[in-house]
Every structure is written in structure tokens, then in C-alpha cells.
Amino acid sequence: MVQQVKVGILGQEYTIHTKADKAYVERVAQHLASKCQEAQNRLRSSSLATIALLAALNITSDYLQKEEAYEQLVNRIESKQKKLSSVLSKSL
């Protein structure tokens with residue numbers, strides 16, 4: 085069921101139409117608002133578009149770093165699993 089969730093970002097109120105849980109949408113909006121505020125604090129007087137673009141770049145960078153760390157973790161787990169399987173096969 086689609087619901088409306090009102091969120092505030094940089095003093096602007098937005099209505100989001102979503103099937104997602106309200107608490108989740110609010111959490112996402114809070115994260116975006118925080119990143120926008122960080123970007124705004126780094127820039128002097130910039131347009132909302134510039135602030136949003138810098139926030140989007142920062143969020144994307146964070147995401148890609150976490151994605152890379154996740155992939156490295158999966159590779160380590162798979163490697164350890166192969167070693168364990170090999171040891172178990174030899175012992176049987």
C-alpha cells in the first residue's frame with residue numbers, strides 16, 4: 085500500500101509516496117539531510133543543486149567503499165570455506 089511520508093531536508097519539506105516502511109523512509113531522509121548539511125557546511129554560499137550534488141557524491145563514495153569491503157569479505161570467506169572443505173575432504 086502506497087503511503088505518504090513527509091520529510092525535511094535543508095529546511096525544505098518533501099512528501100514521499102512510497103510502499104516502504106515510514107521509519108525506513110525517515111531514516112533514509114535523515115541520512116540524506118545529514119550528508120547535505122555536511123556538504124553545506126563545507127561550501128560557502130552554494131545553490132541547493134550544488135549541495136545536493138556534493139552530498140550525492142559523498143554518499144556514492146561511502147557506498148562504493150562499503151561495497152568493496154563487502155566483496156573482499158565475501159572473497160575471504162569463500163577462500164576459507166574452500167580451505168576448510170579441502171581439509172575435511174582429506175581427513176575423511
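Here the numbering used here is used: the first residue of the sequence shown is 85, the next is one more, and so on. Don't be surprised by glycine CBs; every beta carbon is placed ideally from N, CA and C.
Take the Cβ of residue i as the centre, count every other Cβ of all protein chains shown within 10 Å, and call the residue buried at 16 or more, exposed below.
| i | result |
| --- | --- |
| I135 | buried |
Under 6 Å Cβ to Cβ from residue i, same chain only, skipping five residues before and after it: list those, please.
| i | result |
| --- | --- |
| K119 | A139, N142 and I143 |
Hey, quick one: how far does the alpha helix (DSSP H) through residue i stretch, first residue to last?
| i | result |
| --- | --- |
| V91 | Where V91 is concerned, there is no enclosing alpha helix (DSSP H), although the beta strand (DSSP E) it sits in stretches over Q87 to I93. |
| D105 | Premise fails: D105 is in no alpha helix (DSSP H) and is neither H nor E. |
What residues in its chain sit with their C-beta under 8 Å from that of residue i, if we drop five residues either side in the sequence?
| i | result |
| --- | --- |
| I93 | A113, L116, A117 and C120 |
| R126 | L138 |
| Q87 | H101, T102, K103 and K106 |
| M85 | K103 |
Considering Cα atoms alone, identify which of the options is closest to residue i.
| i | options | result |
| --- | --- | --- |
| L132 | S175, Q96 and V91 | Q96 |
Kindly provide the ranges of any alpha helix (DSSP H) runs that are 4 or more residues long and lie completely inside the region 103-171, ordered along the chain.
-> For the region 103-171, whole alpha helix (DSSP H) runs of length 4 or above, ordered along the chain, are 106-126.
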